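Numbering (my numbering), first residue to last: 3 to 176. For glycine and all other residues, C-beta sits at the position ideal for the given N, C-alpha and C. Quick caveat: nothing in here was measured; it's all calculated off a predicted structure. Written out below as structure tokens is the structure these notes cover.
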């Protein structure tokens, strides 16, 4: 399964991605606002094997973000499915990303959630202090609906994403 934008695509993770994922998740440039993981590649491979059962059951989807030339440049995961909403996170883009990889991958996530999963909204959290990502989501149309000591909680409706897609269309055209 794969979804494609102008310069990047999302494809489901497989065991051969373990080294890449561990490298991203343990790199201090990218992991400041993520939950900590170990550096054991074999443990990551085992996690991916276990995850595949979750994927088959439709309980979560973990994607590798890659440029159209096949170079991996990030990850993103959809999970915590509720009646008409999904959450997403584990969103990392590295130095190999394309200029508009962030906005393209976000729209691909929403397209997958709204079209494939038939959801009408998304809910997610952003770790406090991660102003750049919180601002990005707000510009996309997300609304902060709560917070606790560690996180800001957001929701975004399908209609808000469609408005944003029109507003950002110059970045998305081929």
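Distance between residue j and residue i (C-alpha atoms, nearest Å)
i	j	result
residue 84	residue 117	15 Å
residue 23	residue 94	10 Å
residue 43	residue 17	10 Å
residue 82	residue 61	7 Å
residue 56	residue 80	11 Å
residue 113	residue 151	31 Å
residue 162	residue 15	29 Å
residue 137	residue 125	15 Å
residue 140	residue 120	23 Å
residue 168	residue 7	15 Å
residue 144	residue 63	21 Å
Which of helix, strand or coil DSSP assigns to residue i
i	result
residue 107	helix
residue 157	strand
residue 152	coil
residue 142	helix
residue 41	coil
residue 28	helix
residue 11	strand
residue 73	coil
residue 36	coil
residue 4	strand
residue 102	coil
residue 126	strand
Same chain only: Cβ atoms within 7 Å of residue i, ignoring 5 sequence neighbours per side
i	result
residue 147	155, 156, 157
residue 9	69, 70, 100, 102, 103, 106
residue 11	4, 5, 68, 70
Beta-carbon spacing of residue i, residue j below 8 Å
i	j	result
residue 75	residue 103	yes
residue 105	residue 173	yes
residue 135	residue 111	no
residue 20	residue 46	yes
residue 179	residue 98	There is simply no residue 179 to check, as the chain begins at 3 and stops at 176 in what is shown.
residue 28	residue 37	no
residue 171	residue 142	no
Cβ shell of residue i (< 8 Å), same chain only, five flanking positions each side left out
i	result
residue 13	3, 4, 65, 66, 68
residue 115	80, 88, 90, 121, 124
Contacting residues, own chain, Cβ-Cβ under 6 Å from residue i (five flanking each side not counted)
i	result
residue 32	26, 94
residue 122	86, 160
Quick check: the segment 89-108 against the segment 42-55, are there 3 or more CB pairs under 8 Å? no
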